[in-house]
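Colleague: Counting with full-length UniProt numbering, you get residues 1 to 124 for the letters of the sequence shown.
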Amino acid sequence: MKLLSVESFTTGREGYGKIEFKVPVDLSVFLSYSEITRNRIVFNKQACNVYSNEDEKPPVGEGFNILPRATLENCFPVLNKEIITDRTHPIVKPHITKLHSMSNSKFESYDADSGVWSFSIEHV
């Protein structure tokens, strides 16, 4: 019964990032943690996909379709196929501006030294 309303549920993938849910999540429908990380919440380079299959996405407010905060790692700008890790490089400011303007997300922070970008969305 504890899995019906899990507070502060967080999952992630080392080297890629994590996703945290700001409201309680019902995990009772999952048989195992791996079912969540393999089928529902998948991390790739600079991306986190929740419900990749639109047919499986529940209505807003149900399942994982609720107030997530994502933190993605290694979100450095790229120039001529080269990853820019120097925070003083001129491309960093436009990169941060781009992160601020990503649709369906609310920018929270970006660390130019580590490439860690955090943002929240109302639903997935």
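Just so it is clear, CB atoms sit at the ideal spot from N, CA and C, and this is done for glycine as well.
Per DSSP, what kind of secondary structure is N53 in: helix, strand or coil?
Modeller: Three-state result, N53: coil.
Colleague: For S5, I'd like the list of residues in its chain whose CB is within less than 7 Å of its CB, leaving aside the five on either flank, ordered along the chain.
Modeller: Once the five neighbours on either side are set aside, the close Cβ partners of S5 are P24, D26.
Colleague: Starting from K2, follow its DSSP beta bridges and name the residues at the other end.
Modeller: Beta-bridge pairing links K2 to no other residue.
Colleague: If you reduce the DSSP assignment to three classes, tell me which class V124 lands in.
Modeller: V124 falls in the coil class under three-state DSSP.
Colleague: Spatial neighbours of S118 within its chain, please: CB distance less than 6 Å, with the 5 preceding and 5 following residues excluded, ordered by chain position.
Modeller: Answer for S118: T71, E108, S109, listed in chain order.
Colleague: I'd like the span of the beta strand (DSSP E) that includes P68, first residue to last.
Modeller: It spans 68–72 - the beta strand (DSSP E) in which P68 sits, taken as one unbroken run.
Colleague: Could you say which of D113, A112, N104, L31 lies nearest to R69 if we only look at CA atoms?
Modeller: Taking only the C-alpha atoms, the option nearest R69 is N104.
Colleague: Secondary structure at V78, three-state DSSP: helix, strand or coil?
Modeller: If DSSP states are grouped into helix, strand and coil, V78 belongs with the strands.
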